[in-house]
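Some notes on the structure that comes next.
Residue numbers (this note's numbering), protein chains in the order written: chain F, 1 to 208; chain L, 1001 to 1208.
This is the structure in structure tokens:
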């Protein structure tokens, strides 16, 4: 659930305002996806919601505030799934496999917000990007961590740089947002299966 | 070299017009990259070139004409490199390796036009997309072809769907446009090396 930045509303009206806020985020995400962040105005967001543009300022100070929340929520939601996947029993290679499967699932369920996350992060000032990505836990660090663990325990090949490899693996998985579509979810299992076969064979040490 | 759609100019003025056209494409590509296609106006393209907006209509009928040429050129240029790489001597696995190396090089040399190609293809009508991608040769088909050949000759594992695998490999390589930057080209060799190690081990049949 998303947090409303301006919380000075009376308690009695809180529910509908939270619903409205959630609608604003959904509509803004769709418009950012279709037209890009730069190409979307607050006026258009208001129009699509059937409200006055001025009403938006009850929730935000600027279009950038909306983008920040959209990207922050997308990041947090995906990380939660990944974190549970990373706790699976077994070797680091097993954890890596579970993380790959979870991340593809997460992208398939959130194709549009994943696209906005990947394409529009650059539209935020560096400070805001750091706020979203700079926590103790983030995607690249999680992949780098499991790769390092696998290299130490001997299940993952040691001739690779874990940081660059994490970037490559994560980028490869993220690239599926371009062609994974909710309406073609029948293929999700096949996609997960192909990714794990290719990447796990590509990253395992001999005999693993 | 790009083709000027409107060719009715007198021969004497051809050279400067070709230069101008090339400038229009460069400036438009940069703006589409920074602000998105939707977020960029012909007015801005003209302003950045220091010309009147009206002068643009000497070259194009609409902003969409520019996008079409930008994407078509990007596609053709990359395909040429890939085609030479695909002609390397050896097994299909060797050819796949050469194609991976060539494609990463090509992306590193054209980070901005690659990003515009990947992000803005959806902004063109389907018919124009088909014109660009629908030729006898295109990226996905080239990767699918070499994978099929490797499966037949036994150098590439046979438990994968060649079409889906081609999509995965190409998407993985393309995802590097997000973090491969011309100023960090010192790392290009390392990136190519990591991709080939991971993908070739991931795709080779046992013993290859």
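Heads up, the beta-carbon is just placed ideally off N, CA and C, and yes, glycines get one too. All of these numbers come straight from a predicted model, not from anything done at the bench.
Within the segment 1080 to 1105 of chain L, not one residue has a Cβ closer than 8 Å to any Cβ of chain F.
DSSP places residue 1077 (chain L) in the helix class (H, G or I) of the three-state scheme. Taking 9 Å as the Cβ-Cβ cut-off, the segment 1037 to 1069 of chain L approaches chain F at 1037, 1038, 1039 and 1040, given in chain order.
A straight-line Cα-Cα distance of about 28 Å links residue 94 (chain F) and residue 1179 (chain L).
The contact set of residue 1194 (chain L) on chain F, defined by CB atoms closer than 8 Å, consists of 160, 161, 164, 165 and 168 in chain order.
Per the coordinates, the alpha-carbon of residue 1199 (chain L) lies some 22 Å from the alpha-carbon of residue 105 (chain F). In this structure residue 1120 (chain L) is buried. Its beta-carbon is surrounded by 16 or more other beta-carbon atoms within 10 angstroms.
Between the beta-carbon of residue 58 (chain F) and that of residue 116 (chain F) there is about 23 Å, and that puts the pair past the 8 Å contact cut. Using a Cβ distance threshold of 8 Å, residue 195 (chain F) and residue 1168 (chain L) count as a contacting pair. In the three-state reduction of the DSSP assignment, residue 1045 (chain L) falls in the helix class. Annotation for residue 1102 (chain L): the continuous alpha helix (DSSP H) segment containing it runs 1092 to 1109.
Chain L places no beta carbon closer than 8 Å to that of residue 27 (chain F), leaving this residue out of the contacts.
The beta-carbon of residue 190 (chain F) is placed less than 8 Å from the nearest beta-carbon of chain L. For residue 176 (chain F), the C-beta contacts it makes with chain L under 7 Å involve 1171, in order along the chain.
The beta carbon of residue 1088 (chain L) lies closer than 7 Å to those of 1094, 1095 and 1098 in the same chain, with the five residues before and after it left out.
Here residue 123 (chain F) is buried: its Cβ has 16 or more other Cβ atoms, across all protein chains shown, within 10 Å. At least 8 Å separates the CB of residue 1110 (chain L) from every CB of chain F.
Rounded to whole angstroms, residue 1042 (chain L) and residue 1205 (chain L) show a C-alpha spacing of 52 Å. Assignment of residue 1051 (chain L) by DSSP, reduced to helix, strand and coil, places it in the coil class. Contact with chain F is found for residue 1197 (chain L), since one of that chain's Cβ atoms lies less than 8 Å from the residue's Cβ. If one requires a minimum length of 4 residues, the alpha helix (DSSP H) runs lying completely within the segment 100 to 182 of chain F are 111 to 120, 126 to 133, 139 to 153 and 162 to 174, in chain order. Just so you know, the alpha carbons of residue 1155 (chain L) and residue 1163 (chain L) end up roughly 17 Å apart. The three-state reading of DSSP puts residue 1204 (chain L) in strand, counting E and B together. Taking C-beta separations shorter than 6 Å and ignoring five residues to either side along the sequence, the partners of residue 1150 (chain L) in its chain run 1092, 1093 and 1156, following chain order.
Sorting L:1138, L:1159 and L:1173 by C-alpha distance to the C-alpha of residue 1075 (chain L) places L:1138 at the top. Residue contact with chain L for residue 201 (chain F): present (Cβ-Cβ distance below 8 Å to some residue of chain L). Within chain L, the residues whose beta carbon sits less than 8 Å from that of residue 35 (chain F) are 1036, 1038 and 1039, listed in sequence order. Using beta-carbon distances, residue 138 (chain F) does not count as an interface residue toward chain L, since no partner is under 8 Å. By the criterion of a C-beta distance shorter than 8 Å, residue 1052 (chain L) is surrounded in its chain by 1046, once the five residues flanking it on both sides are discounted. Of all alpha-carbon atoms in L:1064, L:1019 and L:1108, the one lying nearest the alpha-carbon of residue 1040 (chain L) is that of L:1064.
Counting the other Cβ atoms within 10 Å of the Cβ of residue 103 (chain F) gives 16 or more, which makes it buried. Taking C-beta atoms under 8 Å as the contact rule, residue 1108 (chain L) and residue 1188 (chain L) qualify, at a distance of about 5 Å. For residue 1021 (chain L), the closest Cβ of chain F is not nearer than 8 Å. Cβ contact annotation for residue 1153 (chain L) (same chain, cutoff 8 Å, sequence separation greater than five): 1091 and 1092, in chain order. Taking 8 Å as the CB threshold, residue 1072 (chain L) stays off the interface with chain F. Per the coordinates, the alpha-carbon of residue 1016 (chain L) lies some 51 Å from the alpha-carbon of residue 202 (chain F).
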